[in-house]
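Asker:
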Amino acid sequence: MIRPDRLQAAAARVPAAIAACLIAAAVLLAPPAAYGRKKDVPAPPPEEVYRQALARIEKKKYYSARTMLQQALPRIPPEDRDLLPRVQLAIADAFYLDKGYLNYGEALNGYRNFLTYYPQHPDADRALFMIGMCLFLQAPSADRDQAVTRQAIAEFGRIEALFPGSPYYPKARDKIREAHDRLADHERLVGNFYKQRRAWRAAVKRYNELLEQYPDYTRASLVLLNLGNCHLALGDRTKAEEAFARLPANPATKEERKIVREAQAALKKFDDTMKNLASKGRRK
Numbered sequence: 005m006i007r008p009d010r011l012q013a014a015a016a017r018v019p020a021a022i023a024a025c026l027i028a029a030a031v032l033l034a035p036p037a038a039y040g041r042k043k044d045v046p047a048p049p050p051e052e053v054y055r056q057a058l059a060r061i062e063k064k065k066y067y068s069a070r071t072m073l074q075q076a077l078p079r080i081p082p083e084d085r086d087l088l089p090r091v092q093l094a095i096a097d098a099f100y101l102d103k104g105y106l107n108y109g110e111a112l113n114g115y116r117n118f119l120t121y122y123p124q125h126p127d128a129d130r131a132l133f134m135i136g137m138c139l140f141l142q143a144p145s146a147d148r149d150q151a152v153t154r155q156a157i158a159e160f161g162r163i164e165a166l167f168p169g170s171p172y173y174p175k176a177r178d179k180i181r182e183a184h185d186r187l188a189d190h191e192r193l194v195g196n197f198y199k200q201r202r203a204w205r206a207a208v209k210r211y212n213e214l215l216e217q218y219p220d221y222t223r224a225s226l227v228l229l230n231l232g233n234c235h236l237a238l239g240d241r242t243k244a245e246e247a248f249a250r251l252p253a254n255p256a257t258k259e260e261r262k263i264v265r266e267a268q269a270a271l272k273k274f275d276d277t278m279k280n281l282a283s284k285g286r287r288k
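In the working numbering, the protein residues as written are 5 to 288.
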C-alpha cells in the first residue's frame, strides 16, 4: 500500500516536469536572433573582388574566379568606364583559359560584347585578337567544313585595319598563315577523295586550285606528288614531270626526301610500263 505522503510528492513533481519540457521546446523553436546569430558580413568592394579574382586566375582557378566576377558585376555602376570593362574582360579571359568548346563559345560572346561597348578601349585590339582565337580554336578538323576557320581569318584581318601598329597584328598574321594551312589541308583531302576514286581530272583540278590559292602551304610537296601521279594516271608524262619539277631541289626534311624519291620512282615505273606496252605492240 502506497503511503499518502509519497503520493503528494509525486503530484508536486508533475507540473515541474511539464514546465521543463515547455522551456526546452521554446529554446529549440526560437529564431536564430534570439540566441545571438552573427551579423551578415558585407561583401567586399568590387575592386577588391576583381583583385582576388585575378589572383585566382593566376592559380588556374578559372571557375571560381569568373563566378566571383559575375556576382560582383551587378554592383558596379553602368557608367563606370574603368572597373566595369576590366571585369567584363577578365570574365571572358577566365572562360577562354578554362579551354573547351563551350568555354570558347562563352569567351567569344564576352569579347564581342566588350568590343561592342568599348571599341576605343586600350584593350580593344586584344579583345579582337581573342575573338579570332576563340573562332580558330572552335574550328573543326580539316576533313570538316571550314566556315569557322574563314571567320577567324576575317577577324584576324580586321586588326590591321582597325588597330594599325597594334602589337597583336604580327600574332594575327601568324594565325592567318596557320588558318590558311588548315583550309589548304581541307582542299588536299578533297583532292585525295577524288584521287582514291580514280576521278583523276577532278583531283587535278582541286590540287591545282589549292596550289594557286595557297602558295605557302606547308605540305605543298605532298600535293605536287599527288598531282604528278594523277597526270601519270591520265597518261600525261609531260605534265607529271612539270609537277615533280616543282618539288624542292634540295629537300630539307626526311618527308620531303621521301616524296622526291617517290616521284622519281613513279616516273620510272611509268616509263617501264610504256616500254613494255611498246614491246608487246611490236611483237604483234
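Yeah, the Cβ is synthetic: ideal placement off N, Cα and C, and Gly gets one too.
1) Taking the straight line between their C-alpha atoms, what separation do you get for residue 114 and residue 87?
2) Residue 254: buried (16+ other C-beta within 10 angstroms of its C-beta) or exposed?
3) Report the start-end ranges of each alpha helix (DSSP H) in the region 130-202 that is 4 residues or longer and not cut off at the edges.
4) Measure the C-alpha to C-alpha separation of residue 64 and residue 103 and round it to an integer number of angstroms.
5) Using the Cα positions of residue 67 and residue 167, report the straight-line distance between them to the nearest angstrom.
6) Using 8 Å as the cut-off, can you tell me whether the region 182-195 makes contact with the region 146-161, which would need three or more C-beta pairs spanning the two stretches below that distance?
7) Rank 101, 77, 280 and 180 by C-alpha distance to the C-alpha of residue 60 and give the top, closest one.
8) For the region 162-179 against the region 197-217, are there 3 or more C-beta pairs whose distance is under 8 Å?
9) Report all residues from its chain with a CB closer than 7 Å to the CB of residue 130; omit the five preceding and five following residues, and keep chain order.
10) Is it the case that the region 157-165 contacts the region 108-126, given that we only count it when at least three CB pairs across the two stretches are under 8 Å?
11) Can you tell me where the alpha helix (DSSP H) with residue 218 in it begins and where it stops?
12) Around the Cβ of residue 200, are there at least 16 other Cβ atoms within 10 angstroms (buried) or fewer (exposed)?
13) Looking only at its chain, what residues have a beta carbon closer than 8 Å to the beta carbon of residue 182, apart from the 5 residues adjacent to it on each side?
14) Which residues in the same chain as residue 89 place their Cβ atom closer than 8 Å to its Cβ, once the five residues preceding and following it in sequence are excluded?
15) With distances taken Cα to Cα, identify the nearest neighbour of residue 180 among 221, 244 and 207.
16) DSSP on residue 280, reduced to helix/strand/coil?
17) Starting from residue 4, follow the alpha helix (DSSP H) in both directions and report where the run begins and ends.
18) Closest by CA to residue 194, which one among 177, 230 and 174?
19) Which stretch, first to last residue, makes up the alpha helix (DSSP H) that contains residue 120?
Answerer: In short:
1) 15 Å
2) exposed
3) Those alpha helix (DSSP H) runs which fall completely within the region 130-202 and span 4+ residues are 151-166 and 172-200.
4) 11 Å
5) Looking at the backbone, the Cα of residue 67 and that of residue 167 are separated by about 32 Å.
6) The region 182-195 makes contact with the region 146-161: 3 or more CB pairs, one atom from each, lie closer than 8 Å.
7) 101
8) When C-beta atoms of the region 162-179 are compared with those of the region 197-217, fewer than three pairs fall below 8 Å, so the two segments do not count as touching.
9) The answer, listed in chain order, is 172.
10) Below 8 Å, too few C-beta pairs join the region 108-126 and the region 157-165 to call them touching: fewer than three.
11) That residue, residue 218, is in no alpha helix (DSSP H); it is neither H nor E in DSSP.
12) Exposed.
13) 140
14) 118, 121, 122, 125 and 127
15) 221
16) helix
17) With the chain represented from 5 up to 288, any question about residue 4 goes unanswered, as that position is not in the structure.
18) 230
19) 105-121
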